Amino acid sequence: MSTIGTQLNLGASYLTNDLYRRFIRRQASEAHYVWISRLMTIVAMVLAAVATLGMESIGKAWAFIITFTAGVGLVMILRWYWWRINAWTEISALLASGIIATILQLRLPEGPNQTAIILLLTVPITTAVWLVVTFATRPEPLETLCAFYRKVQPNAFGWRPIANATGFVSTGMNLGITIADWIAGCGLVYFALFGIGKLVLGEAVPGIGLLIAAAICGAFIFWDMNRRDWEAAHPRAVAPQPATAPTVAS
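Heads up, the sequence shown is in the numbering used here, so the first residue is 54 and it goes up one at a time.
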């Protein structure tokens, strides 16, 4: 029940704050939004109940969730590395990924490769959709982008126009080291997960080995986070550029 409640609250929060409050009714009382969130909770619960009617196992449910959100992953990563990503990018990716995955789920014959085929089709089609939407819509306001850049200090490669506008180039998120952090993060999670599992099953030697590997991954991430805190506090200055809105082609 705690998992169900958590997911319902999370879904209602997204629908209320990121959709309704931002695009439908921006100026309303907090009491109004509380009632809307309750309504969204019911909507999310009904939609979830309808979706489960076509699922025969937990495995199929997880496979559907993975394919439903498969096209969103690239956007979730690129929003840290490319200034041009905006709210409509994420919305279009979510809608396109969900719609495409659902259609393929209903149309493709069942088989051992069904999920893999859906993933291979959903990701490129969704990517094409959100790229078109991104360039067809305006970027976020320059003030918002500059504030984000100053606070997060992402790698300047994909944020060059914003770096010029703020007056410094961040060195705190080197692209190669960031990818290494990502790999180490995956290793930390999976090594720890399977290491604990091995210990529970009485396989001490492989379990301890996996946990040591997890600790190494965690130590690397910890070292890099501390290093980034220092570099973020000492950004490299560049000559500030006029604070004009970056062009779409940048």
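Using N, Cα and C, we set each Cβ at its ideal position, and we do this for glycine too. Here the structure is a predicted model, which means the values were calculated and not measured.
- Beyond the five residues adjoining it in sequence on each side, leucine 241 comes within less than 8 Å, by CB distance, of Ala267, Cys270, Gly271 and Ile274 in the same chain, given in chain order.
- Valine 182 is not bridged by DSSP to any residue.
- With distances taken between CA atoms, valine 186 lies nearest to Val128 out of Phe247, Val128, Thr105 and Val87.
- With a 10 Å radius around the Cβ and a threshold of 16 neighbouring Cβ atoms, leucine 263 comes out buried.
- Nearest neighbour of alanine 181 by Cα position, chosen from Ala209, Ala169 and Leu148, turns out to be Leu148.
- If you keep only unbroken beta strand (DSSP E) runs of at least 3 residues inside the region 141-209, you get nothing at all.
- Glutamine 167 and glutamate 109 have their C-alpha atoms some 15 Å from each other.
- The beta carbons of threonine 179 and isoleucine 144 sit no closer together than 8 Å.
- In its chain, beyond the 5 residues on either side, Trp136 and Tyr202 have a beta carbon closer than 7 Å to the beta carbon of tryptophan 212.
- By the Cβ neighbour-count rule, arginine 79 is exposed, with fewer than 16 other Cβ atoms within 10 Å of its own.
- Two segments are said to touch when three or more pairs of C-beta atoms, one from each, lie closer than 8 Å; by this definition the region 119-133 does not touch the region 96-103.
- Between the region 61-71 and the region 83-91 there are three or more C-beta pairs closer than 8 Å, enough to call the two in contact.
- The DSSP-derived three-state label of methionine 54 is coil.
- Cβ-Cβ distances below 6 Å link arginine 132 to Ile138 in the same chain, with the five nearest sequence neighbours on each side left out; the list follows chain order.
- Taken through DSSP and simplified to helix, strand or coil, arginine 137 comes out as coil.
- The alpha carbon of alanine 97 has as its nearest neighbour, out of Leu174, Ile57 and Lys113, the alpha carbon of Ile57.
- The residue from Tyr73, Phe188 and Arg280 with its alpha-carbon nearest to that of threonine 142 is Phe188.
- Annotation: serine 150 to isoleucine 170 spans about 14 Å, alpha carbon to alpha carbon.
- Around the beta carbon of arginine 191, a 10 Å sphere encloses fewer than 16 other beta carbons of the protein chains shown; the residue is thus reported as exposed.
- Inclusion of glycine 124 and threonine 175 in the CB contact set at 8 Å is warranted, their separation being smaller than that value.
- Under the three-state reduction of DSSP output, arginine 280 falls in the helix class.
- Per DSSP, glutamate 83 is one residue of the alpha helix (DSSP H) stretching across 83-105.
- In this structure, alanine 146 sits near tryptophan 183, with a CB-CB distance shorter than 8 Å.
- Taking the Cβ atoms as the reference, glycine 260 lies roughly 5 Å from glycine 248, within the contact range of under 8 Å.
- In the structure shown, serine 110 adopts coil according to DSSP, grouped into three states.
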